[in-house]
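Trainee:
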Amino acid sequence: MLTLKDICKTYRIGDEVVRALDHASLHVNAGEFVSIIGPSGSGKSTLMNIIGCLDTADSGEYLLDGTPIEDYTENELAMVRSRKIGFVFQSFNLIPQLTAYENVELPLIYQRVKKSERKARVMDALQRVQLTSRMHHLPSELSGGQQQRVAIARAIAAHPALILADEPTGNLDSHTGQDIMEIFHDLHHAGNTIVLITHDPSVAKQADRAIHILDGKVSEVAL
Amino acid sequence: MIQSIRMAIKSISGNKMRAFLTMLGIIIGVMALVILVSLVSGATGNVQATIASLGSDSMTVRVSDNKGRPVTLADLSAWMDDDAIGKAAPAVSETMVVKYGSTSGTLTVYGTTAPYADIQKMTVLVGRFLKTADVDNHSYVCVVNETAATELVGYADCVGEDIYLNGYRVAIVGVLKDDDNSLTSPFRSGSMIAYIPYTTLIRLSTGVTNELSMFYVNAPDGGSLDDAKTRMTELLTERLDQDEDAFTVSSQNALESTMNSVTSVLAVLLGGIAAISLIVGGIGIMNIMLVTVTERTREIGIRKAIGASRRLILLQFLVEAVVICMLGCAIGIFGSWGVLQLITTVVSGIDLSFRMSGGVVLVAVIFCFFIGIVFGLYPANKAARMAPIDALHYGG
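Chains as they are written, first to last, in numbering that gives the first Met the number 0: chain L, 0 to 222; chain X, 0 to 395.
1) Using CA atoms only, rank isn't needed, just tell me which of L:SER218, L:ILE212, L:LEU107 is closest to THR19 of chain L.
2) Roughly how many angstroms separate the alpha carbons of THR398 of chain X and VAL62 of chain X, rounded to a whole number?
3) Out of curiosity, what's the CA-to-CA distance linking GLN2 of chain X and VAL46 of chain X?
4) I need the straight-line Cα distance from VAL338 of chain X to GLN145 of chain L, nearest angstrom please.
5) What number of angstroms, rounded off, separates the C-alpha of ASP165 of chain L from the C-alpha of ILE370 of chain X?
6) With a cut-off of 8 Å, does the C-beta of GLN110 of chain L fall near any C-beta of chain X?
7) If you measure beta-carbon to beta-carbon, which residues of the region 84-98 of chain L are closer than 7 Å to chain X?
8) Look at the Cβ atom of VAL427 of chain X, then the Cβ atom of GLU150 of chain X, and state whether they are nearer than 8 Å.
9) Which residues does DSSP list as the beta-bridge partners of HIS211 of chain L?
10) What does a CB cutoff of less than 8 Å around SER304 of chain X pick up in its chain, not counting 5 residues either side in sequence?
11) Could you confirm whether any beta carbon from chain L is found closer than 8 Å to the beta carbon of ALA382 of chain X?
12) Alpha carbon to alpha carbon, how far is THR208 of chain X from VAL36 of chain X?
13) Identify whether GLU15 of chain L lies in helix, strand or coil by the three-state DSSP scheme.
14) Mind reading off the beta-carbon distance from VAL84 of chain X to VAL216 of chain X? Whole number of angstroms is fine, and I expect it under 8 Å.
15) What are the boundary residues of the alpha helix (DSSP H) that includes ALA87 of chain X?
16) Using a C-beta to C-beta distance shorter than 9 Å, which residues of chain X count as neighbours of ARG127 of chain L?
17) From the DSSP output, in three-state form, read off THR2 of chain L for me.
18) Would you say ILE299 of chain X reaches chain L, if we count a Cβ-Cβ gap shorter than 8 Å as a contact?
19) Name the two residues that bound the continuous alpha helix (DSSP H) containing ALA132 of chain X.
20) Spell out the partners DSSP gives LEU170 of chain X in its beta bridges.
21) Where MET191 of chain X and MET355 of chain X are concerned, what is the direct C-alpha to C-alpha distance, given to the nearest angstrom?
22) When you compare only the Cα positions, how much space is there between ALA363 of chain X and ILE342 of chain X?
23) I want to see whether chain L comes within less than 8 Å of LYS15 of chain X, judged by CB atoms only; does it?
24) At a CB distance below 9 Å, what residues from the region 148-173 of chain L approach chain X? Give them in sequence order.
25) Could you name the residues of chain X that LEU3 of chain L contacts, counting a contact when the two beta carbons are closer than 7 Å?
26) With a threshold of 16 other CB atoms inside 10 Å of the CB of LEU268 of chain X, please say whether the residue is buried or exposed.
27) Thinking ASP214 of chain L and SER41 of chain L are a contact (beta carbons under 8 Å), I'd like their distance in whole angstroms, please.
28) Sorted by chain position, which residues of the same chain lie with C-beta nearer than 8 Å to ASP5 of chain L's C-beta, five sequence neighbours on each side aside?
29) Starting from the Cα of ILE162 of chain L, find the closest Cα among L:ILE50, L:SER90, L:ILE193, L:ASP14 and give me that residue.
30) From the DSSP output, in three-state form, read off GLY337 of chain X for me.
31) Along the chain, where does the alpha helix (DSSP H) that runs through ILE388 of chain X open and close?
32) Return the Cβ separation of ALA42 of chain X and PHE214 of chain X in integer angstroms, given the expectation that the two are a contact with Cβ distance under 8 Å.
33) Closest by CA to PHE183 of chain L, which one among L:ARG148, L:ASP199, L:ALA209, L:SER173?
34) Starting from the Cα of SER235 of chain L, find the closest Cα among L:TYR109, L:ILE35, L:VAL202, L:HIS135 and give me that residue.
35) Under a three-way DSSP split, which group does ILE196 of chain L fall into?
36) Would you identify the three-state DSSP class for PRO67 of chain L, choosing helix, strand or coil?
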């Protein structure tokens, strides 16, 4: 499903060279629920950007759903993001001017899905996060948990190969966070592949498998 | 595309005040363009109508060298029989001392023939104009203008009175309406004028002979002046040994075309100035769009993360700039329609009509569209080029 081999990525901040990823290798099978855990500054954001095709690696191989992601142009990366990856962010990242429904609809518009099919898929996604009653509200009129549920609906409406969640519970209280985790479990049981990035061990251990990242080096940890 | 327009309208309506202020430059530019050009074309139409009304169907013929074959009154009569030529009449003016009872003064005397009244479109107030019989008989009769009648005799209805021109007694047979519309009326207004038969003027004045050096010709009813002009030129060229420098034929059409070129230069000039203000408005739009792009960096990041390509982001911001421009254009056109209505009402006394011309509206719309594209392209491209990770973490 997802294979990273010897991925390296360095950043230059002023005169200092930061080695964000140092020969990182990783494999995730289809239908798996994997968590990536590490403290801040460990390189997990960089890893997530590369997995999410928001950025490309300096060296190494990355296979996503059988497709090698190398030296793609920005437009090709946009295509991959659109078809294969559903993002869930820590800070929800909904577009404030659009209603919940329109936010969920947006990736489908970018995919040029027909209007009738779009409607069906948006409604289905909103049903799975139990938010159909508030779908015509703006993000500012929704609670944090509800906003995150809209973001999840947006991610799954596009039918991605991989759901990539970056600290999805980071901005929520523990109770709401657990509700969100329940949704991820449901999605996992429904056959979705999920990669969840977190610094919270209690969240990480809910996954099938936890991968530890520290100073750009990746290692598997038993939970 | 429809989606992009809907998105653009949504984001514009999210910040109405700013959108309106951004549009203001375009609104003012469009209003300037439409109003100025409409005013100029309205005024042009009026001036042209005036020129046409004072007889642009007549021409003036001057013979500078008659090659021993002078043009006479008999020639004019012969030419009037030509199908392409309407009427022809001489007009030689002299300044004479005039006396009526104890009143005296100076007056301009025109020696002419009967067709002159038609050529110059004169209106007889009382009595009649000169007749061909008067010319044939060298009659001592005259037709005076209203000014001469009132200043000399004291009242307009003075047919039958006698006046003395250079000591010769001449009977008034008609009074002409003062012609206010004439092009030269500003220079002649208030001056006394009398028309006498050409043949009589030869007797009254020493300098006038039966050799005509200047006369007026018009086109026949339903005929064109250009044809008459061509025919007249032909006749004279033949008569004057093929020497085209021996005479000139000029018409008021020439005046009209000069007027046209002046007003079209004026329209282009004013339109150009208005276009500059439109461009300034466009720069204002570019400015605000750049601010908007920076403000919405995060939104751009989100859109890119969920699969928007560069092209789509570019299109979104470009459409937004064009929509702002076109909205401003629409408001501007509507506003200038209102202003033109107002001006037309205010100046309704002067009989000027200022209509919005479809041409200038079309030009304004097309111009606004291109301004939207040209000035929207740079900010939109800036938005499209943002790296998704940088944009996503901006301010968050």
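From the three backbone atoms N, C-alpha and C, an ideal C-beta is built for every residue, glycine too.
Mentor: According to the data block:
1) Position 20 of the first sequence, counting from 1, holds the residue named residue 19 of chain L. Contrary to the premise, residue 19 of chain L reads as Ala rather than Thr in this sequence. Closest by alpha carbon: L:ILE212.
2) With chain X covering 0 to 395 only, the question about residue 398 of chain X has no answer from this structure.
3) The residue given as residue 2 of chain X occupies position 3 in the second sequence. The residue given as residue 46 of chain X occupies position 47 in the second sequence. Rounded to whole angstroms, GLN2 of chain X to VAL46 of chain X spans 51 Å at the Cα level.
4) Here residue 338 of chain X is taken as the residue at index 339 of the second sequence, counted from 1. Here residue 145 of chain L is taken as the residue at index 146 of the first sequence, counted from 1. Near 52 Å, if we compare the C-alpha coordinates of GLN145 of chain L and VAL338 of chain X.
5) Translated into positions along the first sequence, residue 165 of chain L becomes position 166. Translated into positions along the second sequence, residue 370 of chain X becomes position 371. Computed Cα separation, rounded: 42 Å.
6) For the purposes of this step, residue 110 of chain L is identified with residue 111 of the first sequence, where counting begins at 1. Yes, its Cβ sits closer than 8 Å to a Cβ of chain X.
7) PHE86, SER90, ASN92, ILE94, GLN96
8) There is no way to answer for residue 427 of chain X, as the model of chain X reaches only from 0 to 395.
9) Numbered from 1 along the first sequence, position 212 holds the residue referred to as residue 211 of chain L. DSSP lists L:ILE36, L:SER218 as partners of HIS211 of chain L.
10) For the purposes of this step, residue 304 of chain X is taken as residue 305 along the second sequence, with counting starting at 1. Inspection of the sequence shows that residue 304 of chain X is occupied by Ala rather than by Ser. Closer than 8 Å at the Cβ level, and outside the excluded window around ALA304 of chain X, lie PRO387, LEU391.
11) Taking the first residue of the second sequence as 1, we reach residue 382 of chain X at position 383. ALA382 of chain X does not count as touching chain L.
12) If you number the second sequence from 1, residue 208 of chain X lands on position 209. If you number the second sequence from 1, residue 36 of chain X lands on position 37. Spanning the two alpha carbons is a distance of roughly 52 Å.
13) Position 16 of the first sequence, counted from the start, is the residue given in the question as residue 15 of chain L. Here GLU15 of chain L sits in strand by DSSP.
14) Counting from 1 along the second sequence, the entry for residue 84 of chain X is found at position 85. Counting from 1 along the second sequence, the entry for residue 216 of chain X is found at position 217. Here residue 84 of chain X turns out to be Ile, not Val, going by the sequence shown. Right, the Cβ-Cβ distance comes to about 6 Å (below 8 Å), so this counts as a contact.
15) For the purposes of this step, residue 87 of chain X is taken as residue 88 along the second sequence, with counting starting at 1. ALA87 of chain X -> not in any alpha helix (DSSP H); beta strand (DSSP E) instead, spanning 87-99.
16) Mapped onto the first sequence, residue 127 of chain L falls at position 128. Simply none; closest approach about 18 Å.
17) On the first sequence, position 3 is the one that residue 2 of chain L refers to. If DSSP states are grouped into helix, strand and coil, THR2 of chain L belongs with the strands.
18) Position 300 of the second sequence holds residue 299 of chain X. Taking Cβ atoms only, chain L never reaches closer than 8 Å to ILE299 of chain X, which makes this a no.
19) Translated into positions along the second sequence, residue 132 of chain X becomes position 133. That run of the alpha helix (DSSP H) goes 131-135.
20) By 1-based counting over the second sequence, the position of residue 170 of chain X is 171. Residue identity check: residue 170 of chain X is Ala in the sequence provided, not Leu. Note: ALA170 of chain X sits in a beta bridge opposite X:VAL140, X:ASP161.
21) Against the second sequence, residue 191 of chain X aligns to sequence position 192. Against the second sequence, residue 355 of chain X aligns to sequence position 356. Taking the straight line joining both Cα atoms gives about 43 Å.
22) Here residue 363 of chain X is taken as the residue at index 364 of the second sequence, counted from 1. Here residue 342 of chain X is taken as the residue at index 343 of the second sequence, counted from 1. When rounded, the distance between both Cα atoms is 20 Å.
23) Translated into positions along the second sequence, residue 15 of chain X becomes position 16. Not an interface residue.
24) ARG153, ALA154, ALA157
25) On the first sequence, position 4 is the one that residue 3 of chain L refers to. Those within 7 Å of LEU3 of chain L in chain X number zero; the least Cβ separation is about 17 Å.
26) One-based indexing of the second sequence puts residue 268 of chain X at position 269. Per the 10 Å Cβ criterion, exposed.
27) By one-based count along the first sequence, residue 214 of chain L stands at place 215. By one-based count along the first sequence, residue 41 of chain L stands at place 42. At roughly 6 Å, the Cβ-Cβ gap stays under 8 Å, so ASP214 of chain L and SER41 of chain L are in contact.
28) Position 6 of the first sequence, counted from the first residue, corresponds to residue 5 of chain L. Only HIS22, ALA23, SER24, SER58, GLY59, GLU60 meet the Cβ criterion.
29) Position 163 of the first sequence, counted from the first residue, corresponds to residue 162 of chain L. Of the candidates L:ILE50, L:SER90, L:ILE193, L:ASP14, the one whose C-alpha sits nearest the C-alpha of ILE162 of chain L is L:ILE193.
30) Stepping through the second sequence from its first residue, residue 337 of chain X is reached at position 338. Looking at GLY337 of chain X - three-state DSSP - the assignment turns out to be helix.
31) In the second sequence, counting from the first residue as 1, residue 388 of chain X sits at position 389. Looking at the DSSP string, the run of the alpha helix (DSSP H) that includes ILE388 of chain X is 387-391.
32) Residue mapping note: residue 42 of chain X aligns to position 43 of the second sequence, counting from 1. Residue mapping note: residue 214 of chain X aligns to position 215 of the second sequence, counting from 1. ALA42 of chain X to PHE214 of chain X, Cβ: 34 Å. No contact.
33) Here residue 183 of chain L refers to the residue found at position 184 of the first sequence. Out of L:ARG148, L:ASP199, L:ALA209, L:SER173, L:ARG148 has the C-alpha closest to the C-alpha of PHE183 of chain L.
34) Since the first residue of chain L shown is 0 and the last is 222, residue 235 of chain L is not available in this structure.
35) On the first sequence, position 197 is the one that residue 196 of chain L refers to. In the structure shown, ILE196 of chain L sits in a strand (DSSP, three-state: E or B).
36) As a first step, residue 67 of chain L is located in the first sequence; it is residue number 68 there, counting from the start. DSSP places PRO67 of chain L in strand when its eight states are reduced to three.
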